[in-house]
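One structure is given below, encoded as structure tokens.
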Amino acid sequence: MSETPERKPRTLDVLAIQDLLPHRYPILLVDRILDYEPGAWIRGVKNITMGELIFQGHFPKNPVFPGVLIVEAMAQTGGCLVLTTVPNRHDKLIYFMAIDNVKFRKPVVPGDQMIMDVKVMTLKGKIAKLRGEAFVDGQKVAEAEFMSMLVDAPQSEAQ
1 MSETPERKPR
11 TLDVLAIQDL
21 LPHRYPILLV
31 DRILDYEPGA
41 WIRGVKNITM
51 GELIFQGHFP
61 KNPVFPGVLI
71 VEAMAQTGGC
81 LVLTTVPNRH
91 DKLIYFMAID
101 NVKFRKPVVP
111 GDQMIMDVKV
121 MTLKGKIAKL
131 RGEAFVDGQK
141 VAEAEFMSML
151 VDAPQSEAQ
């Protein structure tokens, strides 16, 4: 009886991520995709460094990565998943429709490596409902559900 070989992870580096998403520094919040299953789930990484522009004002003497950016990072990770299966993705953008059931459990600070797990709840046509969880050192730091819509990009935004 032969064993099934272990599946090699599907990874994406930052250049492949930039090919999927229109975001660029300082708002690109996904550094690497560690693995994904098209249409099902994705795992991404965001390295939190003191060099982040946001830490100049949030908060200078007690730097904390803002919760809204944690949610955005999870959403961008989910956007990578959705866009991997869109044939004309360079002509599309993904917009938030709703953000629900958000919980922040622990501050994220410079030096942390945030791992984001995002799963598809529903994917129907142009609408996606996703659930994201963010972890630092194996501890859940945030979670959220979000809905998004795939729209045609204005000609000036198409890559």
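Going by full-length UniProt numbering, the residue at position 91 of the sequence shown is 91; the numbering climbs one at a time, nothing skipped.
All C-beta atoms, glycine included, are put in the ideal place defined by N, C-alpha and C.
Roughly how many angstroms lie between the CA atoms of Ala16 and His23, to the nearest whole one? Computed Cα separation, rounded: 12 Å.
Can you give me the C-alpha to C-alpha distance between Val151 and Gly79, rounded to a whole angstrom? Rounded to whole angstroms, Val151 to Gly79 spans 12 Å at the Cα level.
Roughly how many whole angstroms lie between the Cα atoms of Pro38 and Leu21? If you take the alpha carbons of Pro38 and Leu21, they lie about 16 Å apart.
Tell me the DSSP secondary structure of Thr122 in three-state form. Three-state DSSP puts Thr122 in a strand.
Along the chain, where does the alpha helix (DSSP H) that runs through Leu15 open and close? First-last of the alpha helix (DSSP H) with Leu15: Val14 to Leu20.
Quick one: grab the DSSP three-state call for Leu83. Judged by DSSP in its simplified three-state form, Leu83 adopts helix.
Taking 6 Å as the limit between beta carbons, can you name the residues of its chain near Val82, skipping five residues before and five after? Scanning its chain for C-beta atoms nearer than 6 Å, with the 5 sequence neighbours on each side dropped, one finds around Val82 the residues Ala128, in chain order.
Tell me the rounded alpha-carbon separation between Lys140 and Pro154. If I take the Cα positions, the gap works out to 37 Å.
Nearest to Ile115 by CA position, among Lys8, Ala134 and Pro5, is which residue? Here the closest residue by C-alpha is Ala134.
Report the residue ranges of all beta strand (DSSP E) runs contained in full by the segment 29–74; include only those spanning at least 3 residues, in chain order. Qualifying beta strand (DSSP E) stretches, in chain order: 32–37 and 41–47.
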